[in-house]
Structures are given as C-alpha cells and as structure tokens.
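Colleague: Below you will find the structure I want to go over with you.
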Amino acid sequence: RGTARLAAILDALPDALLLVNANGTVVNANTIALEAFETPGTALVGRGLLDLLPEFDSKLIPGSMRRPDHIDPRARTKPTRMVARRTDGTEFPAEVTSANLET
487 RGTARLAAIL DALPDALLLV NANGTVVNAN TIALEAFETP GTALVGRGLL
537 DLLPEFDSKL IPGSMRRPDH IDPRARTKPT RMVARRTDGT EFPAEVTSAN
587 LET
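Positions in the sequence shown are counted from 1; adding 486 to them yields our numbering.
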C-alpha cells in the first residue's frame, strides 16, 4: 500500500521527477518524467543520472568520490537549464533542481 501511495503522490506532481540513489542510479520516475524522456513504464529505472543529464554536476551525487565535504547534504540547488538526453540519444532542454533526501 505504501508503494502505491508513493507512486500516486509522484504522479500527481506537475513536474518531472527522478529519484536517484546515492550512486546516481535512477530508482523511480514519475509519469511526467517518462513522458519527457519518451520512455514507457520503468525504462528509466536503472539508468545513470549522468546518462540522462550529462551536464549535471556529479559532485552533487551523494555517493560521488568527487563530492566535497563542504556541500550541505540538505541543500537544494537553484534551477539550472541543461540538456537532457533520451534513451534514443535525442536531446531536449530541461530545467533541473536537485535536493538530497537522505537523513
């Protein structure tokens, strides 16, 4: 029941959302994200965030070996425009904000 509730909440969001683990791997994506990346079902799950957002600053991924100690783990980044890449290689403009949800 909890998983279904989470899926319903994520799908109610008006923006695309990718949930990424500490290693930078997509573990969940809402319907808007699937539409933006033009992928069916769970096709984004298991993909690397940097494959989908090649311009994303990898230092912001919690498990990154390059992560500096001075980054606040609760910090949210400002919206940044960058190129997103679909699984077929086509690209589209995206505005990206990231936040660490680990406690």
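The beta-carbon is built from N, C-alpha and C at its ideal position, and this holds for glycine as well.
Quick check on this structure: which residue in 565, 520 and 572 has the alpha carbon closest to the alpha carbon of residue 538?
Modeller: Put simply, of 565, 520 and 572 the residue whose alpha carbon is nearest the alpha carbon of residue 538 is 572.
Colleague: Hey, residue 458 and residue 519: beta-carbon distance below 8 Å or not?
Modeller: This structure leaves residue 458 out entirely; the chain is present only between 487 and 589.
Colleague: For residue 570, is the classification buried or exposed, using 16 other Cβ atoms within 10 angstroms of its Cβ as the cut-off for buried?
Modeller: buried
Colleague: Along the chain, where does the alpha helix (DSSP H) containing residue 530 start, and where does it finish?
Modeller: Neither: residue 530 is in no alpha helix (DSSP H) and is coded neither H nor E.
Colleague: Alpha carbon to alpha carbon, what distance is there between residue 517 and residue 490?
Modeller: If I take the Cα positions, the gap works out to 14 Å.
Colleague: Tell me the DSSP secondary structure of residue 511 in three-state form.
Modeller: strand
Colleague: With DSSP as the reference, label residue 491 as helix, strand or coil.
Modeller: helix
Colleague: Do residue 523 and residue 582 come within 8 Å of each other at the CB atom, strictly closer than that value?
Modeller: Taking a C-beta distance under 8 Å as the contact criterion, residue 582 and residue 523 do not qualify as a contact pair.
Colleague: Where does residue 541 sit, in a helix, a strand or coil, going by DSSP?
Modeller: coil
Colleague: When you compare only the Cα positions, how much space is there between residue 576 and residue 488?
Modeller: 35 Å
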